[in-house]
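At position 1 of the sequence shown the residue is numbered 25 (my numbering), and the sequence of numbers has no breaks.
All C-beta atoms, glycine included, are put in the ideal place defined by N, C-alpha and C.
Small disclaimer: the values here were computed from a predicted structure and weren't measured.
To start, the structure under review is shown below, and the notes come after it.
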Amino acid sequence: MSRDFFNSRAATWDDEVAEKDASRLEAMAERLDIRLGASVLDIGTGTGVFVPFLLNKIGSEGKLVCLDFAEEMLKIAKTKGFKGKISYLCTDIENNRLADNSFDAVVCYSVFPHFNDKVKAFKEIYRLLKKGGNLFICHTSSRQAINEVHQSIPEVCNHLFPENEDTRRMLSEVGFEDIIINDGKDNYMVIARKLVVVV
Ligand SMILES: C[S@@+](CC[C@H](N)C(=O)[O-])C[C@H]1O[C@@H](n2cnc3c(N)ncnc32)[C@H](O)[C@@H]1O
Numbered sequence: 025m026s027r028d029f030f031n032s033r034a035a036t037w038d039d040e041v042a043e044k045d046a047s048r049l050e051a052m053a054e055r056l057d058i059r060l061g062a063s064v065l066d067i068g069t070g071t072g073v074f075v076p077f078l079l080n081k082i083g084s085e086g087k088l089v090c091l092d093f094a095e096e097m098l099k100i101a102k103t104k105g106f107k108g109k110i111s112y113l114c115t116d117i118e119n120n121r122l123a124d125n126s127f128d129a130v131v132c133y134s135v136f137p138h139f140n141d142k143v144k145a146f147k148e149i150y151r152l153l154k155k156g157g158n159l160f161i162c163h164t165s166s167r168q169a170i171n172e173v174h175q176s177i178p179e180v181c182n183h184l185f186p187e188n189e190d191t192r193r194m195l196s197e198v199g200f201e202d203i204i205i206n207d208g209k210d211n212y213m214v215i216a217r218k219l220v221v222v223v
């Protein structure tokens, strides 16, 4: 199971796997429309590589929930002593107990291909977002490059991005609107909004 895989990699994650180029993370963060004071769910926090960039965006009044199902990854994130209104939740996004309509934004940085049941994860994310809230799926490498890396690792060889049109269809069927998929040469970003009901 992939939880075991990530737990087994936690101790060496930052040295061997995590993105080390802060300018790439900064550029990715700049593309996220997240305001000061926002309430944000970071899914697949891991060792917290993207956390400082999210905390910068939400400021001291914002709230960040860092969610990951691999306790060893989250343990390392916690040791980094991030300052702000931050909490940690060890659970599977596909089976979580968070309340409906809780977040202005949900960020999935380097986790989307790993969701076991992507439609179930999208349904949960949709449920957790406030109306008008955004889902951001983001990566600092291209979709193709990440698929190739995953295909070369036995434990995650089936953890692949769907075709972009399949991702769009899944998001749309769950209820997301204004879906933008930017499948770049060296980055990947999906933005999708939870419908605001106008009566
Ligand atoms: C590739 S790592 C990325 C970690 C971090 N975002 C980074 O870039 O360094 C994916 C993370 O997502 C977590 N994860 C995968 N599927 C998950 C799920 N269904 N629910 C919660 N966490 C999940 C894994 O435990 C792992 O820590």
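Could you give the DSSP three-state label for residue i: helix, strand or coil?
i, result
"Val198", "helix"
"Arg217", "strand"
"Phe29", "helix"
"Asn140", "coil"
"His174", "helix"
"Ser111", "strand"
"Leu56", "coil"
"Lys154", "strand"
"Asn206", "strand"
"Asp128", "strand"
Using a Cβ-Cβ cutoff of less than 7 Å, which residues in the same chain neighbour residue i once the five nearest sequence positions on both sides are dropped?
i, result
"Ser134", "Gly68 and His163"
"Ala62", "Ile82, Gly86, Asp128 and Ala129"
"Glu148", "Ile117, Glu118 and Asn120"
"Thr103", "none"
"Phe93", "Arg27, Cys114, Thr115 and Asp116"
"Val221", "Lys155"
"Cys181", "His174 and Gln175"
Just to confirm my understanding: we take residue i, look at its own chain, exclude 5 residues before and 5 after, and list those with CB closer than 6 Å. What are they?
i, result
"Lys109", "Lys87"
"Phe139", "Ala145"
"Leu98", "Asp92, Tyr112 and Cys114"
"Ser126", "Leu152"
Between residue i and residue j, which are expected to be in contact by the criterion C-beta below 8 Å, what is the C-beta distance as a whole number of angstroms?
i, j, result
"Val89", "Ser111", "5 Å"
"Gln195", "Leu65", "Before going on, a small fix: residue 195 reads as Leu here, not Gln. Not really, about 17 Å apart at Cβ, beyond 8 Å."
Excluding the five sequence neighbours on either side, which residues of its own chain have a C-beta within less than 8 Å of the C-beta of residue i, listed in chain order?
i, result
"Gly199", "Tyr150, Lys218 and Leu219"
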